[in-house]
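Numbering (the numbering used here), first residue to last: 74 to 164.
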């Protein structure tokens, strides 16, 4: 259950990120998630009451990858079709 929650926790990051910053892609957000997860785990390693876990870092990165691929293959093509069918304003 803990691993599943670590995966699900970062799924929204690339979805929201790609909507806010359309020039970024799923690869960028997967790399960002890896860096964020690494920073969190390094911080946890310095705390006496917490333990760092490679498994958590991998699960967080996997969650971002899932969200990024979802955005790239499910939502992004729909958004592209919608924007290409909008009337253009020349002028």
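From the three backbone atoms N, C-alpha and C, an ideal C-beta is built for every residue, glycine too.
Residue burial annotation: residue 87 is buried, with at least 16 other C-beta atoms found within 10 angstroms of its C-beta. About 21 Å separates the Cβ atoms of residue 98 and residue 131, ruling out a contact at the 8 Å cut-off.
When secondary structure is reduced to three states using DSSP, residue 85 falls in the helix class. Listed in chain order, the non-local C-beta contacts of residue 83 below 6 Å within the same chain comprise 106, 133, 136 and 137, local neighbours out to five positions each way being set aside. Each residue's CA atom was taken as its position, placing residue 110 and residue 143 some 20 Å apart. In the DSSP annotation of this structure, the continuous segment of the alpha helix (DSSP H) that includes residue 101 starts and ends at 99–118.
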